[in-house]
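Peer 1: Chain order of the listed sequences is F and L. Per the numbering used here, the very first residue in the first sequence carries number 9; after that it's consecutive. Per the numbering used here, the very first residue in the second sequence carries number 100; after that it's consecutive. Cβ atoms here follow ideal geometry from the backbone N, Cα and C, with glycine treated the same way.
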Amino acid sequence: MPDSPSDERADDAYGAPYDLAVIGAGCAGLTGAVTASELGLSVALLDTSGQVGGQFYRTPAPALGAVRPEALHHDWSAFADLRRRLEASAVVHLAGHHVWTVARGSEGDTEWVVHAVTGVDGCGERPVRVRARTVLLATGASERQLPFPGWTLPGVVGAGGAQAMLKSGLVLPGRRVVVAGSGPLLLAVASSLAAAGARVPAVVEASGYLGYARRPGALAANPHKLAEALVHGAALLRHGVRLRTRSAVTRVHGTARVEAVTVSRVDRDWRPVQGTGRRIACDALAVGHGLVPQTELATSLGCATRRTPDGTYALELDGLQETSVPGLWAAGETGGIGGAQLARTEGAIAGTAAAARVLGQPALTRSRRVRELRRRRDRMRAFADTMAAAHVPGPGWVQWLNDATDVCRCEEVTAGAIREAVADYGARDARTVKLLTRAGMGWCQGRMCGAAVACLAAGPGAASVPPSPERRPLAVPVPLGVLGALDPDEADGPVS
Amino acid sequence: MVGAACAYYAARSGLHVTVIDRGPVAGGTTGAGEGNLLVSDKEPGPELDLALLSTRLWRTLSGALPPRIEYEAKGGLVVASGEAGMAALRDFAERQERAGVKTEEVTGDRLHDLEPHLAQGLAGGFHYPQDAQVQPALAAAHLLRAAGEQASGRARLRLRLGEKVTGVLKGANGEVRGVRTVSGDLHAPYVVNAAGTWGAEVARLADVHLPVLPRRGFVLVTEPLPRVVRRKVYAADYVADVASGSAALQTSAVVEGTPAGPVLIGASRERVGFDRTLSVEVLRRLAAQATRLFPMLADVRAIRTYAGFRPYLPDHLPAIGPDPRVPGLLHACGHEGAGIGLAPATGLIVAGILTGEELPLDIDPFRPDRFGGAR
Chain F
9 MPDSPSDERA DDAYGAPYDL AVIGAGCAGL TGAVTASELG LSVALLDTSG
59 QVGGQFYRTP APALGAVRPE ALHHDWSAFA DLRRRLEASA VVHLAGHHVW
109 TVARGSEGDT EWVVHAVTGV DGCGERPVRV RARTVLLATG ASERQLPFPG
159 WTLPGVVGAG GAQAMLKSGL VLPGRRVVVA GSGPLLLAVA SSLAAAGARV
209 PAVVEASGYL GYARRPGALA ANPHKLAEAL VHGAALLRHG VRLRTRSAVT
259 RVHGTARVEA VTVSRVDRDW RPVQGTGRRI ACDALAVGHG LVPQTELATS
309 LGCATRRTPD GTYALELDGL QETSVPGLWA AGETGGIGGA QLARTEGAIA
359 GTAAAARVLG QPALTRSRRV RELRRRRDRM RAFADTMAAA HVPGPGWVQW
409 LNDATDVCRC EEVTAGAIRE AVADYGARDA RTVKLLTRAG MGWCQGRMCG
459 AAVACLAAGP GAASVPPSPE RRPLAVPVPL GVLGALDPDE ADGPVS
Chain L
100 MVGAACAYYA ARSGLHVTVI DRGPVAGGTT GAGEGNLLVS DKEPGPELDL
150 ALLSTRLWRT LSGALPPRIE YEAKGGLVVA SGEAGMAALR DFAERQERAG
200 VKTEEVTGDR LHDLEPHLAQ GLAGGFHYPQ DAQVQPALAA AHLLRAAGEQ
250 ASGRARLRLR LGEKVTGVLK GANGEVRGVR TVSGDLHAPY VVNAAGTWGA
300 EVARLADVHL PVLPRRGFVL VTEPLPRVVR RKVYAADYVA DVASGSAALQ
350 TSAVVEGTPA GPVLIGASRE RVGFDRTLSV EVLRRLAAQA TRLFPMLADV
400 RAIRTYAGFR PYLPDHLPAI GPDPRVPGLL HACGHEGAGI GLAPATGLIV
450 AGILTGEELP LDIDPFRPDR FGGAR
């Protein structure tokens, strides 16, 4: 594998079009890149991080000198295998590339221009442009946050964030950490934290686990998922961690940072049950309510989306992982949350499908191997949907909020201000709420508060699914100097 | 915004008003605009007269509405890079002066007194103290709320949001009797088409031709900054772009700070239908032009961009007033990029027509049937 281009070599990396540009070097993108490369495509693999592995296989920076990073990881051998294949391949790994948009090239649907900014933290940023015949979007997911009183106190971290801190920096968010929210990630996070030496007084899950029982078929077809749950369950038992289902953290206590949380029982709709609040002392809270597919690069190009059973939007994909826009594929969490193993399977299908298209060999996608991959994918997707349905946020969660709770942290917009915009000023959706209150206009562009604002905008009793996926034409902030310095003739692709 | 202004002035005149929108308040072009209240970019003529009237009305409204609408009488500054541009600006400003616009020539060495972060070496510019700004979505929402509050006695204001108009009801002589919406019929002797960029569709429901077309514009929004841009600052070519009818892409950066911190950078113009796809070329041009005016912006990040669709009519004048082809039908749309600024004057005129009052200016140039077509 050629390394990231140094400045002298940079122009080579950005010259001729690649057969395939893969955006995101997590499980899905990595598998897609090596699969396509092994089939003979020229492949560029772009990622914001300096290392491959994405969120799931996040590893400590080499400078930390971790001896056994794999100790914190599940299924490490699959990742080690992917890294070996990447090293043996001709894939050009473009690390530290922040993709801000993908545009159509000037030659119709057949060519794409991936615009990225290199360099980190505002130093030495420069615009680069990667041209490709096909694109695989493997941009993963971000964590869904639902606000509650006290969620802005220092010591409250995302559940996925806590996991990432542990994997990449080998640090714990606190010594006594309550894990709360909803979704299968909570168990994994709690067992990692406990294994790394934190006390976890409780795992607080807003849903019941009955949802899984309603779809026994999907569970039976995915025995590895049961095994995973057993491993986490056993680890939690060993560390004396208590799982409280149908409960939620409804308040965080503390002045300078987290000192305790109140955990309340919630009903089926996630409405807190009066008088059930119990205080649990802790110095950190790791909280998350599932994951949201990162689809902005695709929706800016008009790719169709589907509503997922847990109330988010994912890309609508065909049997070979292609989006509704020909020439653009997606794999992994962008097509719906499903985990690392599913992401690898989808990456392999997408990589093969892109190769079949570029090489003009449709037979590649009809091989026995691809048929088997598709069967596995369908099985795992069915399980993921069951899981998603079990953890969909109940509409009653908005009752955790009081009017003074900040919902948008960037612009400090309270739940009260949002309710007023809806009740008194004619806002009916997240966009108008944003225009009237600035909720979602700040630095994170609604990535943190978007789900919550959409629920509040839809008014009392409305479904928790926002009416449409959010659009963010700039996937990451771009300095004006960088935008203005794009090559005029090639801003929208090559002019021949 | 235009519909809100029509409702405001009509309710103030004692009429019963129902505002119907298929979306939320400010869900169309109002929510995608910058909130320009400009006289500086307008040639002497009927649109400038409308703008001057609106400027006065906005000042009054800013006292009646809460400060949250972010009305700022900040003034505009049009700059020229060379002597030829400066001469053209001087000639333009002289003609505007005769029409009632206040202008002040600013020599190159004095530009930095007005805008300390402007690029060096510009030839000069003109300051337009009457130019102002509002936050358009908040202005529309508060105007509607104020319309409801001031409706007194028999007058009433109703807001029906998320309700699409599907037909115009007519009587035996072809006169308007109300509208049909997805949730039923609403009877009224007058219907005002304030559907902005979608005004042609509403006109079509009444079987009349009104060729409103979308003219796309992108706005770039930066991360929040302390106040580094004090006024509305733009280069002299903007005026020519506004007046052009070309379908091709035109960009001329209009740069301004906002009370909330971000700097807004408009304005591109192109006729590409209702296509929201991001145009990298538009962003490149806007960013390059803005950093040419304010070099310090080069290190500032754009965090968002959005597209909006200006309601464009071929002669760049709005359609305001009764439609002689369908008695009872009035139009108040097609203001292109000036709808926020021209809204109060438009609303005042519409209310005046409905109540039979004397109108503040001649509305013949805005005749809705001037484009011919059906009926």
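So is F:Pro192 buried or exposed if we call it buried at 16+ other beta carbons inside 10 Å?
Peer 2: Classification of F:Pro192: buried, given that the 10 Å Cβ count is 16 or more.
Peer 1: Can you give me the start and stop residues for the beta strand (DSSP E) that L:Gln349 sits inside?
Peer 2: Note, L:Gln349: beta strand (DSSP E), Gln349 to Gly356.
Peer 1: Along the region 261–284 of chain L, where does the CB come closer than 9 Å to a CB of chain F? Name the residues.
Peer 2: Result list: Gly261.
Peer 1: Within 7 Å (strictly less), CB to CB, does L:Asp468 reach chain F?
Peer 2: Not closer than 7 Å to any Cβ of chain F, the Cβ of L:Asp468 fails to qualify, so no.
Peer 1: I want to know whether the region 209–219 of chain L touches the region 181–195 of chain L - three or more CB-CB distances under 8 Å.
Peer 2: Taking 8 Å as the limit for Cβ pairs, the verdict is that the region 181–195 of chain L does not touch the region 209–219 of chain L.
Peer 1: By the 7 Å beta-carbon criterion, what residues does the region 210–244 of chain L contribute toward chain C?
Peer 2: The structure shown contains no chain C; its protein chains are F and L.
Peer 1: Check whether the Cβ atoms of F:Leu494 and L:Arg383 lie closer than 7 Å to each other.
Peer 2: Yes, they are a contact pair.
Peer 1: At what residue ranges does the region 278–322 of chain F contain a whole run of the alpha helix (DSSP H), taking only runs of 4 or more?
Peer 2: The region 278–322 of chain F contains these whole alpha helix (DSSP H) runs: 304–308.
Peer 1: L:Asp422 and L:His434: beta carbons closer than 7 Å?
Peer 2: Against a cut-off of 7 Å, the Cβ pair of L:His434 and L:Asp422 comes out as no contact.
Peer 1: Which two residues bound the contiguous alpha helix (DSSP H) that contains F:Trp108?
Peer 2: Note, F:Trp108: premise wrong, no alpha helix (DSSP H); beta strand (DSSP E) at His105 to Arg112.
Peer 1: Shorter than 7 Å from the beta carbon of L:Arg326 to some beta carbon of chain F?
Peer 2: Not one chain F Cβ lies under 7 Å of L:Arg326.
Peer 1: Classify L:Arg171: buried if its beta carbon has 16 or more other beta carbons within 10 angstroms, exposed otherwise.
Peer 2: Here residue 171 of chain L is Glu; the residue named in the question, Arg, does not match the sequence. Buried is the call here.
Peer 1: Quick one: Cα of F:Leu145 to Cα of F:Gly335, how far?
Peer 2: Straight-line Cα distance between these residues: approximately 11 Å.
Peer 1: If you measure between the beta carbons of L:Gly356 and L:Val328, is that distance less than 7 Å?
Peer 2: Yes, the Cβ-Cβ distance between L:Gly356 and L:Val328 is below 7 Å.
Peer 1: F:Thr320 and F:Val300: beta carbons closer than 7 Å?
Peer 2: Result yes, Cβ atoms of F:Thr320 and F:Val300 sit closer than 7 Å.
Peer 1: Using a C-beta to C-beta distance shorter than 8 Å, which residues of chain F count as neighbours of L:Ile119?
Peer 2: Result: empty, since nearest Cβ-Cβ is about 12 Å, beyond 8 Å.
Peer 1: I'd like to know whether the C-beta of F:Gly436 is nearer than 7 Å to at least one C-beta of chain L.
Peer 2: In the sequence under discussion, the amino acid at residue 436 of chain F is Arg, which differs from the Gly named in the question. Closer than 7 Å: yes.
Peer 1: Is the beta carbon of F:Ala36 closer than 7 Å to that of F:Ala339?
Peer 2: Yes; because the gap between Cβ atoms is below 7 Å, this pair is in contact.
Peer 1: Can you tell me the Cα-Cα spacing of F:Ala423 and L:Gly122, whole angstroms?
Peer 2: F:Ala423 and L:Gly122: Cα-Cα distance of roughly 22 Å.
Peer 1: Output, in sequence order along the chain, the residues in the region 283–317 of chain L whose CB is closer than 7 Å to any CB in chain F.
Peer 2: Cβ contacts with chain F: none found.
Peer 1: Would you tell me roughly how many angstroms separate the C-alpha atoms of F:Ala210 and F:Val186, rounded to the nearest one?
Peer 2: Computed Cα separation, rounded: 5 Å.
Peer 1: Output needed for L:Ile462: all residues of its chain with C-beta closer than 7 Å, excluding positions within five of it in sequence on either side, in chain order.
Peer 2: These residues qualify, in order along the chain: Ile419, Gly420 and Ile448.
Peer 1: Using 7 Å as the threshold, is the C-beta distance between L:Val290 and L:Leu412 below it?
Peer 2: In this structure, L:Leu412 does not lie closer than 7 Å to L:Val290 by Cβ.
Peer 1: Run down chain F in chain order and give the residues with a C-beta less than 9 Å from the C-beta of L:Ala346.
Peer 2: The premise fails here: L:Ala346 is roughly 17 Å from chain F at the closest Cβ pair, so nothing lies under 9 Å.
Peer 1: Taking any Cβ of chain L, which residues in the region 438–454 of chain F have a Cβ under 8 Å from it, in chain order?
Peer 2: Here the close residues are Arg439, Thr440, Leu443, Leu444, Arg446, Met449, Gly450, Trp451 and Gln453.
Peer 1: Are the region 377–395 of chain F and the region 348–365 of chain F touching, with three or more C-beta to C-beta distances below 8 Å?
Peer 2: Enough Cβ pairs lie closer than 8 Å, so yes.
Peer 1: Suppose contacts are defined by Cβ-Cβ distances below 7 Å. Is L:Arg276 in contact with L:Gly270 by that definition?
Peer 2: In this structure, L:Gly270 lies closer than 7 Å to L:Arg276 by Cβ.
Peer 1: What residues in the region 298–330 of chain F bring their beta carbon closer than 9 Å to a beta carbon of chain L?
Peer 2: The residues in question are Ser308, Leu309 and Gly310.
Peer 1: Check the Cβ-Cβ distances between F:Ala203 and every residue of chain L, and say whether any is below 7 Å.
Peer 2: False, the Cβ-Cβ gap to chain L never drops below 7 Å.
Peer 1: Report all residues from its chain with a CB closer than 7 Å to the CB of L:Ala239; omit the five preceding and five following residues, and keep chain order.
Peer 2: Closer than 7 Å at the Cβ level, and outside the excluded window around L:Ala239, lie Met100, Ala103, Val124, Ala125 and Thr129.
Peer 1: Does chain L have any CB closer than 7 Å to the CB of F:Gly458?
Peer 2: No, F:Gly458 lies away from the interface with chain L (no Cβ there is under 7 Å from its Cβ).
Peer 1: Can you pull the chain F residues whose beta carbon is under 7 Å from the beta carbon of L:Thr404, in chain order?
Peer 2: The answer, in chain order, is Pro481 and Leu482.
Peer 1: So which of L:Gln349, L:Arg375, L:Phe470 and L:Pro358 has the shortest CA-CA distance to L:Gly365?
Peer 2: For L:Gly365, the nearest C-alpha among the options comes from L:Gln349.
Peer 1: Can you list the residues of chain F that L:Gly130 reaches, using a CB-CB cut of under 8 Å?
Peer 2: The answer, in chain order, is Arg439, Thr440 and Leu443.
Peer 1: Please state whether the Cβ-Cβ distance between L:Val116 and L:Leu258 is less than 7 Å.
Peer 2: Contact: no.
Peer 1: Quick one, which of L:Gln195, L:Val381, L:Arg368 and L:Pro426 has its alpha-carbon nearest L:Arg409's?
Peer 2: The candidate whose alpha carbon is nearest that of L:Arg409 is L:Arg368.
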